[in-house]
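Student: Under numbering that gives the first Met the number 0, the first residue of the sequence shown carries the number 0, and numbering increases by one thereafter.
Even glycine gets a Cβ: it sits at the ideal position worked out from N, Cα and C.
Note that the structure is a prediction, hence the values are computed from the model and not measured.
This is the structure I have questions about; it appears just below.
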Amino acid sequence: MKISIITVCYNSADTLSDTLDSVASQNYSDIEHIIVDGGSNDGTEGVVNEKGWRVAVWRSESDQGVYDGMNKGLLLASGEVIGFLNADDVYMHSDVLTKVAATMTDSAIDACYANLIYVDRKQTSRVIRHWTSQNYEPGLFEKGWMPAHPTFFVRKSVYERLGGFNLRYRLQSDFDLALRFIGIHDIRTRYIPEVWVRMRMGGMSNNSIRNVIRGNIEAYLSCRANGLKVPPWFILGKVFSRLPQFVKAHRVKLD
């Protein structure tokens with residue numbers, strides 16, 4: 000089973016090396032690593048040339064933002080299963096994709112997902128937030144729930160049937176996609192209760208209070224656009240639902 004990993008980046012020379020090493024260190028062999036770059040000018044291509052020995056596809060051109068880049072990656076992907084790993088992210092251990100493949104050998108499963116930890120951007124052994132997910136049940140999206148996107152692996156056939164990322168949403172198109180796939184079209188998912196991804200803080204959706212608020216508004220609009228009945232205070236509820244994840248973060252110890 001080929002697994003396509005799509006990494007979308009722009010001026011990510013400082014962190015992309017860790018992502019490339021993380022994918023290259025996976026003990027699963029049938030990997031297609033696709034890098035979709037937005038036209039970087041900071042030496043990102045040089046990092047790929049130096050460290051990207053496992054990169055199958057490199058594409059660099061201007062785009063309309065990260066989700067446009069992800070859609071381009073979907074068109075390039077040839078794997079049966081597709082996952083996304085951002086240029087600020089690494090896999091927690093070398094067995095992650097082996098576990099993905101083992102899970103997805105069950106033909107009754109359309110997608111799988113796991114947990115994620117946010118770490119300090121410079122001190123990556125310092126855990127800031129422990130994103131613990133759960134088995135999906137109806138009503139979760141109305142509470143602001145979603146699977147952690149870098150842990151969300153989906154069959155290519157699902158993307159072909161249901162489409163990719165809606166570029167209407169600049170910050171929460173991954174929420175919208177998960178809502179459409181799981182909440183609306185009821186794809187069959189499996190939750191794996193372990194940490195698969197380590198993500199640096201400071202990404203697009205959490206690098207400022209303004210973006211956090213804008214992102215939550217987009218999630219609200221996505222719910223309404225997809226026919227979910229959510230009240231205006233959904234936006235605050237989504238924020239408060241994350242607070243326990245920051246409290247639990249101190250329990251995670253990294254080397």
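1) Counting along the chain, where does the alpha helix (DSSP H) carrying residue 151 start and finish?
2) To the nearest angstrom, how far is it from the Cα of residue 117 to the Cα of residue 125?
3) For the alpha helix (DSSP H) that contains residue 68, what are its first and last residues?
4) Does the beta-carbon of residue 177 have 16 or more other beta-carbons within 10 angstroms, so that it is buried, or is it exposed?
5) Quick check for students: name the residue ranges of the alpha helix (DSSP H) that lie wholly in the segment 116-193, counting only runs of 4 or more.
6) Assign residue 107 to buried or exposed, taking buried as 16 or more other Cβ atoms, counted over all protein chains shown, within 10 Å of its Cβ.
7) Just to confirm before moving on: does the CB-CB distance between residue 36 and residue 53 stay below 9 Å?
8) Determine, using beta-carbon pairs with one atom in the segment 120-135 and one in the segment 25-34, whether at least three such pairs fall under 8 Å.
9) From what residue to what residue does the alpha helix (DSSP H) around residue 27 run?
10) Closest to residue 39 by C-alpha separation, out of 23, 22 and 68, would be which residue?
11) If you measure between the beta carbons of residue 84 and residue 4, is that distance less than 9 Å?
Tutor: Inspection of the coordinates gives the following:
1) Premise fails: residue 151 is in no alpha helix (DSSP H) and is neither H nor E.
2) 9 Å
3) 65-75
4) buried
5) 155-161 and 172-177
6) exposed
7) no
8) no
9) From DSSP, residue 27 is part of no alpha helix (DSSP H); its letter is neither H nor E.
10) 68
11) yes
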